[in-house]
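One line per chain: the protein sequences are A and B, in this order. Everything in the first sequence is counted per my numbering, starting at 1 for the first residue and increasing by one. Everything in the second sequence is counted per my numbering, starting at 1001 for the first residue and increasing by one. For each residue, glycine too, the CB sits at the ideal point set by N, CA and C. Since the model is a prediction, treat every value here as computed from it, not as a measurement.
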Amino acid sequence: MFERYLTQIAFAKLFPDGQRKLMQTTVGIVGVGGTGSHISDLIVRMGFGKVKIVDHDTVEISNLNRQSLYDEYDIGRPKVLAAYDKLIKINREVKIIPINKKVTEENVDEILGDVDIIMDGTDSFGARGLLNRFSIEREKIFIFSAVEGSAGMAKAIIPKKTACLECIGYPTYGDSVPCSVNGLIPNVVEMAAAISVTLAVKSLLDYVEDEIVVFDSWDLSLEKVKTKINPSCKICGHRK
Amino acid sequence: MKIRVKFYARYGDKFGKEHYIDIESSMSVENFLKLLYKVIPAFQNERNIILAINDSLASPDYILKDGDSVSIFPPPGGG
């Protein structure tokens, strides 16, 4: 069973109970665009037990420079179906469920109610705000990540343990500026995905710190900003 | 005393990556921001900034000390 994962379980922190824990975990990846497609690839390759991939967009030619699961034959297809076709060929041990929907206040519990970890592949402040509130309310791990230009941020949000998006002052309503306006280099989405999946694994195995990871794929920098739950936070402060 | 200010990501491109600002003693972060808006007027148009002092997220009432480094990040929105 573990032959596929030989190299990762040779990494001391994953062997053997860590890998078993991954294989028993259900992940919801919301948004399978830039960061989300790379996250999906890593999560499936590492052998998480069940993976729900959620998106309502279709593949466009402007996606192909950075959204690793898609190719020219996928243009016009729903992203989750194109992603599913690629991912099932990678690891048949993972149960993959494509959900061709936008996550809303009305359906978030139906879509993500049974997951253990929510991975952020979204591209709007409002979507992140919804996932932040839902994860706190339902006590699920939420791995936030966002990118712009060559830079990005990521954070593990663990209810009652680490600061949420509201605590750190990240905007949680409305749309963000499209990446076609501020620019986005492909390298940074891979960096964001790698850091996000590291945070997911560390959260599961109880290694994570309360901090924002800030990175820049052009400057080749990575820094950490320590955070803590704000007792006055209207989303999570009262739940600590 | 001098406070080092580092602007990250697109803020660095827009406002310059690093500044040193002279302040009087006992200035809060909140008041320091008001001073920064005077030094860099275009910066006052930015919303939802994420601000750290040294390696920790800043609270508005933190009193700056000599040698403190202020890091300012725009909130990225893409994915």
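Item, Value
"Boundaries of the alpha helix (DSSP H) in which Asp109(A) is found, first to last residue", "108-112"
"Listed by chain order, chain B residues near Leu184(A) by CB distance under 8 Å", "Gly1078"
"Nearest-angstrom Cα separation, counted from Lys228(A) out to Ile235(A)", "14 Å"
"Alpha-carbon to alpha-carbon, Ile1072(B) and Arg92(A)", "44 Å"
"Nearest candidate by alpha-carbon position, reference Asn182(A), set Arg128(A), Asp123(A), Val30(A)", "Asp123(A)"
"Between the CA atoms of Phe125(A) and Asp175(A) - distance to the nearest angstrom", "6 Å"
"Inter-residue Cα distance where the pair is Asn1048(B) and Ile1021(B)", "22 Å"
"Spatially closest choice to Lys249(A) from Pro1060(B), Gly1067(B), Ile1053(B), Gly1078(B), by CA coordinates", "Lying before the first or after the last residue shown, residue 249(A) is absent from chain A, which here runs from 1 to 240."
"Chain B residues whose Cβ lies nearer than 8 Å to that of Asp216(A)", "Tyr1008, Ala1009"
"Selected residue, minimal CA-CA separation from Glu3(A), among His38(A), Ile29(A), Arg45(A)", "Arg45(A)"
"Neighbour list for Ser1056(B) in chain A, Cβ cutoff strictly below 8 Å", "Val225, Lys226, Thr227"
"Contact with chain A by Leu1073(B), beta-carbon distance below 8 Å", "The residue you asked about is not Leu; residue 1073(B) is Phe in the sequence shown. Yes, contact with chain A."
"Bridge partners - Val1070(B), DSSP secondary structure assignment", "Val1005(B), Ile1053(B)"
"Distance CB(Ile195(A))-CB(Ser217(A)) smaller than 8 Å", "no"
"Distance, Ser180(A) Cα to Gln19(A) Cα", "39 Å"
"Within-8 Å CB hit, Thr104(A) to chain B", "no"
"Neighbour list for Ile1003(B) in chain A, Cβ cutoff strictly below 7 Å", "Simply none; closest approach about 17 Å."
"Simplified DSSP state of Gly152(A), which is helix, strand or coil", "strand"
"Among Leu6(A), Gly28(A), Val214(A), the one whose alpha carbon lies nearest that of Phe1007(B)", "Val214(A)"
"Chain B residues whose Cβ lies nearer than 8 Å to that of Ala200(A)", "Near Ala200(A) there are no residues of chain B at all, since even the closest Cβ is about 15 Å away, more than 8 Å."
"Residue burial classification, Ser37(A) (beta-carbon count within 10 angstroms, cutoff 16)", "buried"
"Assigned secondary structure, Asp57(A) (DSSP; H/G/I helix, E/B strand, else coil)", "coil"
"Residues sharing a beta bridge with Tyr1020(B), DSSP", "Arg1004(B)"
"Beta carbon of Pro1060(B) nearer than 8 Å to that of Glu1030(B)", "yes"
"Any C-beta of chain B under 8 Å from that of Phe142(A)", "no"
"Beta-carbon proximity of Val94(A) to Asp55(A), cut-off 8 Å", "no"
"Where Pro159(A) sits in the DSSP three-state scheme", "coil"
"Boundaries (first-last residue) of the beta strand (DSSP E) holding Gly28(A)", "26-30"
"Within chain A, the residues that Asn1031(B) reaches when beta carbons sit closer than 8 Å", "Residues of chain A passing the Cβ test: none, with the nearest at roughly 18 Å."
"With 16 other Cβ atoms within 10 Å as the buried cut-off, status of Ile43(A)", "buried"
"Bridge partner(s) assigned by DSSP for Gly49(A)", "According to DSSP, which records beta bridges pairwise, Gly49(A) is partnered with nothing at all."
"Residues from the region 122-152 of chain A in contact with chain B, defined by Cβ distance under 9 Å", "Thr122, Asp123, Ser124, Phe125, Ala127, Arg128, Ser145, Ala146, Val147, Glu148, Gly149, Ser150, Ala151, Gly152"
"Cβ separation of Ala156(A) and Leu87(A), assumed to be a contact under 8 Å, to the nearest whole Å", "Contact doesn't hold; Cβ gap of about 23 Å is too wide."
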